[in-house]
Amino acid sequence: MSTLYSTTVTAVGGRNGTVRSDDGLVDLQLSMPKTLGGKGGATNPEQLFAAGYAACFGNAVIHVTRNKDAKIRDNDVEVVATVGMEPNGAGGFGLTVALDVTLAGVDQATAEEILAEAHKACPYSNAVRGNVDVALSVKTR
Numbered sequence: 179m180s181t182l183y184s185t186t187v188t189a190v191g192g193r194n195g196t197v198r199s200d201d202g203l204v205d206l207q208l209s210m211p212k213t214l215g216g217k218g219g220a221t222n223p224e225q226l227f228a229a230g231y232a233a234c235f236g237n238a239v240i241h242v243t244r245n246k247d248a249k250i251r252d253n254d255v256e257v258v259a260t261v262g263m264e265p266n267g268a269g270g271f272g273l274t275v276a277l278d279v280t281l282a283g284v285d286q287a288t289a290e291e292i293l294a295e296a297h298k299a300c301p302y303s304n305a306v307r308g309n310v311d312v313a314l315s316v317k318t319r
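The numbering used here applies: residue 179 is where the sequence shown begins, and numbers increase by one.
Right under this line is the structure:
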C-alpha cells in the first residue's frame, strides 16, 4: 500500500509545552488540565485527539455514503467526540472514547447502518480498535 497522506508534528515539553506541525498550521501551547492538577488555560492532547477523531469520523460517514442513494454531505453530519483518560491498572493510563453522531436526511435504521460502516472505514477507529473502548451513538434530525 502507498501512503495517501502524512504529516509531522513536534511536541516539546510534554503536557505543559508546545506542539507545532511541519507546515506551521498547528502551533499551539499545551497545558495540563486543571482537573489533573495543571494550570489549564491551553489545549491538551485529549482535546486534540477528540478534535481529530470527530473530524475524521465525520468524513468517514461522508465517504461511506458516496455511492449510496442516501448521501451524507458535509453539513448533514455532526460528531461530538468525548475522550477520557483513566488508569489502566498497570501503572499507566488508557483512553475512552464516545462518539455521538447526528445525521440529517436519513431514518434511524439507515443512520445506524452508516455509522457501522463509518466505524469500519475511519482511520482513527481502525487505529484504536481492540485497544480503546469506543462507544457509538447516532440520532437523526
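The beta-carbon is built from N, C-alpha and C at its ideal position, and this holds for glycine as well.
For the options Gln207, Val316, Thr213, the alpha carbon positioned closest to that of Gln286 is the one of Val316. Proximity of the stretch 240-251 to the stretch 262-272 falls short of the contact definition, fewer than three beta-carbon pairs being nearer than 8 Å. Look at Thr186 here: in three-state DSSP terms it is coil, with no helix or strand label. The beta carbon of Ala259 is closer than 6 Å to those of Ala228, Tyr231, Ala232, Leu277 in its chain, skipping five residues each way along the sequence. For Gln207, the CB contacts under 7 Å within the same chain, skipping 5 residues up- and downstream, are Thr196, Ala220 in chain order. Under the three-state reduction of DSSP output, Arg198 falls in the strand class. DSSP places Thr243 in no beta strand (DSSP E); its state is neither H nor E.
From the listed residues Gly272, Ser199, Val204, Gln225, the smallest Cα separation to Pro211 is found for Gln225. Judged by DSSP in its simplified three-state form, Lys317 adopts strand. Around the C-beta of Ala268, fewer than 16 other C-beta atoms lie within 10 Å, and the residue is accordingly described as exposed.
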